[in-house]
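As structure tokens, the structure follows; a few thoughts come after it.
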Amino acid sequence: MSVYVDMERCIACHACLVACKQRHAGVSNISLQIVEERAAAPQLCRQCERPACMAVCPSQALVQEDAVIAFHIEKCTGCELCLLACPFGVVWSDKLVHKCDLCSGDPACVATCPTQALLGTFQEAVVRIRSRAAKTLQRGLR
Amino acid sequence: MTQAKVAVICPYCGVGCGFYIKVEEGRATGIEYMPDHPTSRGSLCPKGNAALEALNHPGRLQHPLMRSGDGFLPISWEKALALAAEGLGGALRDYGPENVGFLASSKCTNEENYLFQKLARSLGSPNVDNCARLCHASTVVGLGRAIGACATTNPLDDLANSRCIFVIGSNFSENHSPVARYVIEAKEEGAIIIVADPRRTPTAWLADIFLQIRPGTDVALLNGMMHVIVEEGLVNHSFLKERTQGFAALAESLKEYTAKRAAEITCVPEGDIIRAARAYARSPASAIVYSMGVTQHVSGTDNVQALANLLLICGHIGRPGTGIFPLRGQNNVQGACDMGTLTEFYPGYRRPEDRRTTEVFGRAWGVDRLPNHCGLTSLEMMDSAREGRLRAMYIMGEDPINSDPHSEKTRLALDALDFLVVQDIFPTDTAQMADVVLPASAWAEKEGTFTSTERRVQWTNRAVFPPGQAREDLWIISEIAGRLGLGWKQCTAEQVLAEIKSLVPTYRAITREMLAREGFIWIHSIEGYYPSRRKGSPILHEEGFPTPDGLAIISPVHFRPPAEETSPEHPLILTTGRVGSHYNAGSMTMRSPSLLEIEPKLYVELHPADASARGIVDGETVVVQTARGEARAAARVSLRVAPGVVFLPFHFSGCNDLTLDVRDPLAKIPELKVAACQVRRG
Amino acid sequence: MIEMISIDVNLCIGCPACIQACPHGLIVRLDEGASRTIRFSRCEVDCDICVKICPEKALSFTEKGGETEIVLPLQPCSSCGRFFATKPMLEKVRSCLPVELQKDSGGWSWLEACPSCRRGEEGLRAVREILSRRS
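Residue numbers (the numbering used here), protein chains in the order written: chain A, 137 to 278; chain B, 471 to 1152; chain C, 3 to 137.
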């Protein structure tokens, strides 16, 4: 389970970025990309089921712990192979490697998003997508 | 206690979000979200999230300062207050209260603002104003005249009930982010969203109909829309008959504003103007959301009147999902205006010329001759200072050097004063020009009320004490009042609120309990008229308008071009505005590392066509030049602007060196949104 | 006896582990054009942090020598052209990844894009549908 992003609602306000920084000693594990000046995509670790980062780590610093791919900094060698392994480019290094850790269960970005574009559970994501689809159908649109 | 969680209201914008500050050993260490806040529902924009970076910044003013040569010397409070009283008192004595000016702070609480204008007026000066002059003065005058009240008419979450939302000159996605949530909720229920803005902002992303309007042509657009509405028989005749006056004159004036003519003036395709007009008029409940893009023009008052005309001919007011939302900027600009820190209003929007006003306040304040006329607005105070008439100023929580247009004029003005006392939390550029600097308290270091843009009065608590020797503004104002012979006692915010309640009818019903719960949304009431069949409904104008005869006033306005047109020397239109990561003149956000990382410096947005015509590549340093001066900025080649238009965020020093100080004749607001410029490689 | 580092050039992949770990700043990285040079100076104190931390076990001690270095080829990003990692590092990553992570018909070519461009690509893909509906 990761933080689900509803890009339909993202208004590129950067609140998630700053909230993440406040929780993580000044570094952000979420990055915001503005596409063609018409939409925005917040991007963060997807807590993959078959994590590429974990597969390449030489020192077992990345470990699957329930819903999170946890990062144990005390085991990190600083090799940065995980950065190169991530197909989505959401592992970062500013001397120390960092990626989304779901804030130990209460993600700051989810709580702070002014438009609720970030959702913390799969259930909420499903409800959002399904109800939007239902309303669209109801109005007879594609 | 060593650890606590204190509820505060955000110091930044007018949405008035709540959050908790974690306090450990007397220090603010973190922020916690407030999920049950009625407007923000726990969310916070980036500025709110970074609020403690400014609060705890080491550069906070911690000592009273006295000018010494080019610099400052720290002095005691005793000495600083004595100097302030002497400086202001001397000017009052030698030049009269008409020549002393007071600039209040729309960041300060209602209690502080109330005392500030009480101070000014008790001393005989009618010259008290606040930064609303720069932002929503057009609303105060225009909407006040048209519908009798100059505030948002419905609560912000009511936008979710709209079937059509017309956004013009507002970028709420960046600058009032929680509003986007309600607009999106309406959109997801099928509401049509219309956005009129020269730039394709993240707010425009939500639009079903995007009207990329040429800066300064709002009246043409609105008249064009109204022309379509009248011609296609979409006006609400029963509403017009029962609740308005003046339609006939408007209908006549609209004849020349065909959609074709409007398209020519605004550069918006004719078809889009027609679609937008039909959508707004036909929907059962339409709302208008607007902000600086409408107000900061020489035709600002007319622009607002045109919006009022639009909603009145369709009857989209006084019901859920309708209304008009002038989104106020500052956390307490609505309150500062309610508290009468405007030269043309006493607290509660009472007119100084009305004999009853000076009687009521004179009795309450124990002062014989209160000023019974309008004084100087904030920019007029600067004019007067430059001309050698205004001799002293007391500026609280304002940085006019960076907020006012045409910075050079402001510098000359403040330089010309005999005496300037500035009360602030940071050594702003304005504070640097003062004779005496008084270190004040930030929002989390005081208690009192803020009134948000939806008229919600909320109590904010003290989380920590001010740093060093900084003191609360209530204390400072009272001390100065005492030394100027006004015999005031020191009082708590609660005591001041009690006085406010007794004098401002719309605040009369406030109780501490309701402030502690979800705040209190005031409803306009004037003697003899109390609105609302649903008692306590937060929607204004349900049954009548607080105008002399209860009817709204429709009045024709005509398109006038902006004050400064482009020329061969300055062929591009410069428009200014905000970005979400910074706030106004930047005294707080420019000291917040998290926010600076997002936008570190002044940039200029220009269209790829304009960039390539000048050989400018993205990122390079360029010079933006107007008839007032030059500023260096980083080029940002972007499709947000149309060809021929460039955008500068005004938070950074340098932007207002370029802007134009030509004002709306009624509201006295400067045309910050339009200037002519040239951009060249640096 | 204060030692000198010896590098096994067949094992070193040019990652930043030893560079970031050395407490005395004796290991220096120089990225110039298409090459990365990692230069080791003689140790000043008795310490084995770099030897222990190297993920490839490419470092060991020797008594001889004062300075040694290794030069590795850098991979330019297939999208933006910026040199973002050594080729051996990317080869190491590829060899550790399960075959399911080959992206469609592109195979392992996604590895040749830098993390920033991968985000860009992913972001574009994610909003494509939204873009088509927005004016």
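Note that beta-carbon positions come from the ideal geometry of N, C-alpha and C, so glycine has one too. Because the structure is a prediction, the values reported are computed rather than measured.
is_contact[residue i, chain A] using C-beta, thresh 8 angstroms
i           : result
Glu-969(B)  : no
Cys-601(B)  : no
Arg-651(B)  : yes
Val-129(C)  : yes
Leu-1109(B) : yes
Ala-36(C)   : no
Ala-23(C)   : yes
Ala-524(B)  : no
Arg-798(B)  : no
Lys-1071(B) : no
Leu-882(B)  : no
Ser-80(C)   : no
Buried or exposed by the 16-neighbour rule on C-beta atoms within 10 Å, applied to residue i
i          : result
Phe-63(C)  : exposed
Asp-711(B) : Asp is not the amino acid found at residue 711(B); the sequence shown has Lys there. By the 10 Å Cβ count, Lys-711(B) comes out exposed.
Ser-546(B) : exposed
Lys-59(C)  : exposed
Phe-258(A) : exposed
Arg-820(B) : buried
Ile-4(C)   : exposed
Ala-269(A) : exposed
Val-570(B) : buried
Ile-209(A) : exposed
Per DSSP, the bridge partner or partners of residue i
i           : result
Cys-483(B)  : Gln-800(B)
Glu-983(B)  : DSSP, once it has assigned bridges, lists no residue as partnering Glu-983(B).
Ala-1145(B) : Leu-1044(B)
Ala-666(B)  : Ile-638(B) and Leu-681(B)
Arg-1133(B) : Pro-1140(B)
Proximity test, Cβ basis, 8 angstroms: residue i and chain C
i          : result
Lys-231(A) : yes
Phe-207(A) : no
Phe-258(A) : no
Ser-167(A) : yes
Thr-272(A) : no
Thr-213(A) : yes
Backbone secondary structure at residue i - three-state DSSP
i           : result
Cys-945(B)  : In the sequence under discussion, the amino acid at residue 945(B) is Trp, which differs from the Cys named in the question. Of the three classes helix, strand and coil, the one that applies to Trp-945(B) here is helix, per DSSP.
Gly-918(B)  : strand
Gly-559(B)  : helix
Gly-500(B)  : strand
Ala-968(B)  : helix
Arg-278(A)  : Low local confidence applies: a pLDDT of 48 at Arg-278(A) is under 50, so the model's placement there is unreliable, with the coordinate-based value given in what follows. It is coil, neither helix nor strand.
Thr-272(A)  : helix
Pro-1119(B) : strand
Leu-180(A)  : strand
Phe-935(B)  : coil
Ala-904(B)  : coil
Met-851(B)  : helix
Val-263(A)  : helix
Lys-475(B)  : strand
Chain B within 8 angstroms of residue i, Cβ atoms only
i          : result
Ile-265(A) : no
Glu-173(A) : yes
Arg-278(A) : Below a pLDDT of 50, predicted positions are generally treated as unreliable, and Arg-278(A), at 48, falls in that range; no measurement from the model is reported.
Ala-261(A) : no
His-150(A) : yes
Endpoints, beta strand (DSSP E) assigned at residue i
i          : result
Ser-167(A) : 166-171
Gly-571(B) : 570-573
Arg-31(C)  : 29-34
Asp-894(B) : 889-894
Range of the contiguous alpha helix (DSSP H) that encloses residue i
i           : result
Met-1058(B) : It is not in any alpha helix (DSSP H) - Met-1058(B) carries neither H nor E in the DSSP assignment.
Leu-1076(B) : Element bounds for Leu-1076(B): not the alpha helix (DSSP H) but the beta strand (DSSP E), 1073-1076.
Val-700(B)  : 688-701
Met-190(A)  : 188-192
Phe-717(B)  : 717-724
Ala-458(B)  : Past the edges of chain B, shown from 471 to 1152, lies residue 458(B), and the structure says nothing about it.
Thr-64(C)   : Note, Thr-64(C): premise wrong, no alpha helix (DSSP H); beta strand (DSSP E) at 61-64.
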